[in-house]
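As C-alpha cells, the structure follows; a few thoughts come after it.
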Amino acid sequence: MLRHFVFEACQDLTLVILMVAAAISLSLGMATEGVKDGWYDGGSIFFAVFLVIFVTATNDYRQSLQFQHLNEEKRNIQVEVIRGGKRLVASIFDLVVGDVVPLKIGDQVPADGILIYGHFLAIDESSMTGESKIVNKDQRAPFLMSGCKVADGYGSMLVTGVGINTEWGMMMANLSEDTGEETPLQVRLNGVANLIGIVGLLVAGAVLVVLWLRYFTGHTKNPDGTTQFLAGTTGVKQGFMGAIRILTIAVTIVVVAVPEGLPLAVTLTLAYSMRKMMRDKALVRRLSSCETMGSATTICSDKTGTLTMNKMTVVEAYLGGKKMDPYDNASTMCTSVTDLLIEGIAQNTTGTVFMPEDGGATEVTGSPTEKAILSWGLMIGMDFKDVRSKSSVLHVLPFNSEKKRGGVALQVSDTEFHIHWKGAAELLLASCRSWLSTDGSVQPMNSIKHSEFKKSIDDMAVSSLRCVAFAYCPWESKMVPTESLDKWKLPADDLTLIGVVGIKDPCRPGVRNAVQLCSTAGVKVRMVTGDNVGTAKAIAVECGILDAKDAASEPNVIEGKVFREMSETAREDIADKITVMGRSSPNDKLLLVQCLKRRGHVVAVTGDGTNDAPALHEADIGLSMGISGTEVTKESSDIIILDDDFTSVVKVVRWGRSVYANIQKFIQFQLTVNVAALVINVVAAVSSGDIPLNAVELLWVNLIMDTLGALALATEPPTDNLMKRHPVGRREPLVTNVMWRNLFIQALYQIAVLLIFNFDGKRILRLQNESWEHAGKIKNTFVFNAFVFCQIFNEFNARKPEEKNVFKGVTNNHLFMAIVGATTVLQILMIEFLGKFFDTAKLNWRLWLLSVAIGAVSWPLAYLGKFVPVPVRPLQSYFKHCSCRRGPHRDEEQGGKS
C-alpha cells in the first residue's frame, strides 16, 4: 500500500527534473572531482528529494488510513435481530446464518435471506438488478438479496448468507471504492496552485535564459572574481557542469513557486475535522459537506429526536369521551372499551413486548412512539402475547408519513372483523363519525362533541404533547376480499373514535443555547415537523426558535397543507418568513428547501424517514439521524448525526467554518513563503548570477513549511469567534483583503532584510577576514537560516489573520507547539550537523541570535499591520475567478449536490 503512495510522490514533475539534474551533477562531479569530493552537490539534492518523497508518501498513506477507517464506520450498519425470541441491536458484520431479522420501510436488507413473515413487503432491487421496478415479496417470491432497500411494508427474514457469500458481497468483491473524491475547495486550490506554478515556470524560464546568456557570454564570475566561462578556453565538461548548475537554479525557482502544500492542507484539515467530528457525534459521508456546512445560512430541522430527546411517555389520555385521571387508570371504563383499545395497541404496531421466562423486567422495543404507547398499554392491563393470539392479522397498512396514520385488519372470530387505525389525532378525528363512550356504547359524533375532542387535542398540543388517536370500525365478513388481500384498501372513513393520548417528548438540554448560537452566527433555524401546529409552536417557543409574541402570526407558523396549496410565486415569497411548519409531509419539506435555495440560501436539512430522502438530496447539506434514521435516509445524506441531537448539528456548522478558516490561515502562510523566496532568488539570480537559497535548502523549506506548516495550521481547533461571524459565501475569494495586507507586509519585510544581507552581508556580518568562498557560504547560510526563522515566527501570525493577539490560545494547541518546536530543532540539526548534505556552514551563537531576532520582528510588525485599513471590496487579482458577492442572497443559482 505504501509503495503506491511512494510511486505517486515520485511522479511530481519538479522532483523528477531535480532528480535528473542531480543525476547529471553527481556523475559529472565524480568524474571531474573524484568520488570523495564530487558527490556532494548531486548527492545532497538526491537526499533532499528522497526525504521529500518519503515524508509526502507517509503523510498521504496516513490520510488514506484515516479515510479508510471512516469508510468502515459508514458501512457498519446497526440492525435489529431476533435471537431467542428477543430483539437485539447488532452490527451488520455480526450477523450469522440462522438469524431472524425484522424489516421495515427504509431498511437496507443486511444479508441474503428468505421471507418468513411479512405484510405488504415491497423491495427496491435496483441496486442489484439495475431496474427501478419495486418487487413485492410474499410466499411465492420469498428470496431477499443483501443491499436492497425496503420500499414499503414490513416483515421478518431468515438469514441464509452473509458477507462475501451474498450476491451483494460477491459483486462488491470485484469493485474497489473510489476514495479519490475532490471537494470544491480542493478543486479551487488545485487551480490556484497550477496558476501560481505556471507563473513560476515562466519566471524560471526567463531567469534560465538570462543566466545562460550571462554565463556563455562571460559575465558570470566565480567567488574569487575570475570569469566562469571563457569561449575556447573552458572545457566541455566544466561548461556543461556550469550550465547544469544554472538549470538547477531555475528548477529551484519552480520548486519555490509551486505551492504544493495548498491541496495537502485541505486534505489534512478535512481528515482532522472528520476525525474530530466523529467525537462530536457526526459521521461525514461526503467530504464536500464539511466545507459547505460552513456556508449554511439556514437549518431546517425535524422536531422529534433532534430538538427533543425522543424519550416518549404517555402523560395524558382521553378515553370514552372523558379524561383519565390518572392517565393509567382504566378501571372506570367498560371492559369492552379497554379490550378494543388494547387490541388496537397490541396488533396495530411494529413494536414488540418481550417478557423473560425468568421473570425479569419486561422489554419493549420499537420506535419511541410505539414504545410509549405499548408501555402505556401494559399499565392499563395489556397482555401483549395473549391479545395477539386472540386475533389474526389479515392485512396491514403501515404508518405513512403522508397520511399520518397506519391501519390493520383483524379477524377476531369467524364472523367478527375489526379494522383498527392509529395516527395523528386531529386527522383521525376528522374521519370519525361516532365515538365510544365509557359504557361501551357507540355515540354519534355531533358538532358539540367534535369541538370537545378538538379542544382536548389543542390543549394537549399547547402543552407540547404529541397527540395520537385510536379509532376502529367493525367490518362484515362478506365485505372482506377472499383473494388479493395485499391490494385491499382498508376503509379509512366512518370510523369510531376510541381515545386520544398525549405523549410527552421533552426538549433536549442545550438546544435553546444551540439555537441562540446559530442566530448569533447568522444561521436561521426552522422547525419542519409532522406534528400538529399547536405542538410545533409550543416546542418551538420552548427551544427558542420562536418568540412567544411571534407564535400566533401565520407567516412565521404555517401548516404544510397551506404552504403546499400556494402558487409557486407565493411559496417563494413566504419561504423566508417561515420559522415553523407543522403537519408537513416530506414533499412539503422538499418544496420549502427548493424555495429557500431559489432565494439564495445555503440550506441544511435534517431527516430520518425514508420519504425525507428527496429533501436531503435536494438540500446543500443533508443531515440524517443515526439512531432514528432509516438506511435509505442515511444513504441520501451527506452527514449522519450519530446521537440525533441538534447541538451536534451546530457543532458540524462550527467545524465547517473551521475548515475554511484553517485553509485561509495556511494560504496566507504558504503564499508569504512562496512570494518572499521567489522574489529573493529571482532578484539575486538576475543581478549576480547566483542564489542565496539553493535547491537543497528550498526543498528543505518546502518540506518543513508545506508538510509541517500545513499540519500545524490545518489542525487548529475551532474557536468561539467562528460562530460570531456571518456565513462565508461559497464563492467568496479565498484570499481576503485582510490576508493580502498581512501577506504583503510580511513578504516585503523578509525580501528587504534578506536581500540587504545577501548583497552586503559580508560587511554587515564582519566576514572580511574569512576566505572569499567560506565568507560567501556563511553569508548564504545565515540568509537561509534567517529566512526559515521568519517563517517559524510567521506561523504564529497566520493563526489569527484578523486578531491583534496572535498568541491567544496557542498553548492549548499542543500539536502546533510540538510542530514549531520540531521545526526549530530540525533546523538546528540541519545547520550544525548535516551541513555537508545541505552545503551549509556552521554559524556562531551571535549569528543564531541575529537570525532569531530577524524572525521575531515579524510579531510586532504583524501587530502594527492590523491597524492598516483595508478596502471593503475584494482586490482584483488572479483569485478573482473564485470571488463573487457576499451574503446569503445571491442572484446566481447556488446549485445542489451532484
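In the working numbering, each number is its position in the sequence shown, counted from 1, plus 325.
Beta carbons are placed, not taken as given, at the ideal position from N, Cα and C, and that holds for glycine.
For residue i, the nearest candidate out of the options (CA to CA)
i, options, result
"Ser-776", "Trp-760, Ser-788, Val-767", "Trp-760"
"Leu-469", "Tyr-479, Ile-448, Gly-488", "Ile-448"
"Lys-922", "Val-487, Thr-622, Pro-834, Ala-607", "Thr-622"
"Pro-1196", "Thr-1165, Leu-1092, Arg-1066, Leu-1073", "Arg-1066"
"Ile-574", "Asp-764, Lys-606, Trp-537", "Trp-537"
"Glu-397", "Arg-610, Arg-412, Met-891", "Arg-610"
"Tyr-652", "Thr-694, Gly-676, Leu-703", "Leu-703"
"Val-1004", "Thr-821, Asn-1083, Val-882", "Asn-1083"
"Leu-1068", "Glu-751, Thr-491, Val-1000, Gly-1014", "Val-1000"
"Glu-492", "Val-512, Pro-435, Phe-541, Ala-529", "Pro-435"
"Asp-764", "Leu-1172, Leu-665, Ser-809, Phe-994", "Leu-665"
"Tyr-442", "Ser-452, Val-421, Gln-433, Ala-466", "Ala-466"
"Asp-419", "Asp-650, Val-721, Val-406, Asn-1137", "Val-406"
"Ala-944", "Gly-954, Glu-956, Leu-917", "Leu-917"
"Leu-753", "Pro-816, Gly-706, Leu-514", "Pro-816"
"Ala-1002", "Ala-568, Ala-1111, Gly-732, Ile-417", "Ala-1111"
"Lys-886", "Gly-951, Lys-728, Ala-929, Leu-810", "Lys-728"
"Leu-1033", "Leu-1174, Gly-669, Ile-667, Met-1142", "Met-1142"
"Met-906", "Thr-894, Ile-1153, Thr-935, Val-850", "Val-850"
"Val-718", "Asp-811, Gly-685, Leu-632", "Asp-811"
"Pro-427", "Met-680, Phe-778, Met-482", "Met-482"
"Ser-451", "Gln-433, His-444, Ile-439, Pro-1017", "Gln-433"
Per-residue burial, residue i [other beta carbons within 10 Å of its own, 16 or more giving buried]
i, result
"Lys-862", "buried"
"Ser-789", "buried"
"Asn-384", "buried"
"Asp-503", "Bear in mind that the predicted position of Asp-503 carries a pLDDT of just 43, short of 50, making it unreliable; the figure below should be weighed with that in mind. The residue is exposed, with fewer than 16 neighbouring Cβ atoms inside 10 Å."
"Leu-500", "The predicted model places Leu-500 with a pLDDT of 48, which falls under 50 and marks its position as unreliable; any figure quoted below should be read in that light. Answer is exposed; the Cβ neighbour count stays below 16."
"Ala-938", "buried"
"Ser-1202", "Residue confidence for Ser-1202 is low, a pLDDT of 43 falling below 50, so the modelled location carries little weight; the figure read from the coordinates is stated next. That one is exposed."
"Tyr-1188", "exposed"
"Lys-990", "buried"
"Ala-348", "exposed"
"Lys-814", "exposed"
"Ile-571", "buried"
"Val-793", "buried"
"Gln-464", "exposed"
"Val-345", "exposed"
"Ala-940", "buried"
"His-329", "exposed"
"Asn-1122", "buried"
N-terminal and C-terminal residue of the alpha helix (DSSP H) that residue i is part of
i, result
"Cys-920", "911 to 923"
"Asn-1094", "Segment: none, Asn-1094 is in no alpha helix (DSSP H) and carries neither H nor E."
"His-329", "327 to 335"
"Asp-711", "709 to 714"
"Leu-1023", "1020 to 1026"
Run of the beta strand (DSSP E) containing residue i, from where it starts to where it stops
i, result
"His-743", "742 to 749"
"Tyr-643", "638 to 644"
"Leu-420", "Taken as a continuous stretch (DSSP letters only), Leu-420 belongs to no beta strand (DSSP E), as it is neither H nor E."
"Gly-1034", "First-last for Gly-1034: 1034 to 1039, but that is the alpha helix (DSSP H), not the beta strand (DSSP E)."
Any chain C beta carbon closer than 8 angstroms to residue i
i, result
"Ser-762", "Absence of chain C from the displayed structure is noted, only one protein chain being present."
| task | Count the C-beta pairs between the region 1123 to 1134 and the region 1020 to 1030 that are closer than 8 angstroms, then say yes if the count reaches three, no if not. | result | no
*asked:* Pairs of beta-carbons, one from the region 969 to 989 and one from the region 588 to 607, closer than 8 angstroms: are there three or more?
replied: yes
Practice problem: For the region 550 to 612, list the beta strand (DSSP E) runs that are entirely contained and at least 3 residues long, ordered along the chain. | Solution: 607 to 609
Beta strand (DSSP E) runs contained entirely in the region 930 to 972, provided each spans 3 or more residues = 946 to 950, 964 to 966
TODO: Would you check if there are 3 or more beta carbon pairs closer than 8 angstroms linking the region 514 to 524 to the region 462 to 481?
DONE: no
Every unbroken alpha helix (DSSP H) within the region 757 to 789, with a cutoff of 4 residues, ordered by chain: 772 to 787
**Study point:** Inside the region 823 to 903 only - alpha helix (DSSP H) runs reaching at least 4 residues
**Key:** 836 to 845, 858 to 868, 885 to 890, 893 to 900
Self-check item: Segments assigned alpha helix (DSSP H), at least 4 residues, entirely inside the region 1131 to 1200
Solution: 1139 to 1157, 1160 to 1163, 1170 to 1181, 1183 to 1190
### Ranges of the beta strand (DSSP E) found wholly within the region 624 to 696, counting only runs of at least 3
638 to 644, 677 to 679, 688 to 690
- Decide yes or no for the touch test of the region 373 to 383 against the region 328 to 337: beta carbon pairs closer than 8 angstroms, at least 3 of them. yes
Is it true that the region 890 to 900 meets the region 822 to 832, where meeting means three or more beta-carbon pairs spaced less than 8 angstroms apart?
-> no
*asked:* Closer than 8 angstroms is the cut-off here; do at least three beta carbon pairs connect the region 1137 to 1155 with the region 1040 to 1052?
replied: yes
For the region 630 to 648 against the region 692 to 709, are there 3 or more C-beta pairs whose distance is under 8 angstroms?
yes
ask   = Is the region 842 to 858 touching the region 656 to 673, taking contact as three or more C-beta pairs under 8 angstroms?
value = no
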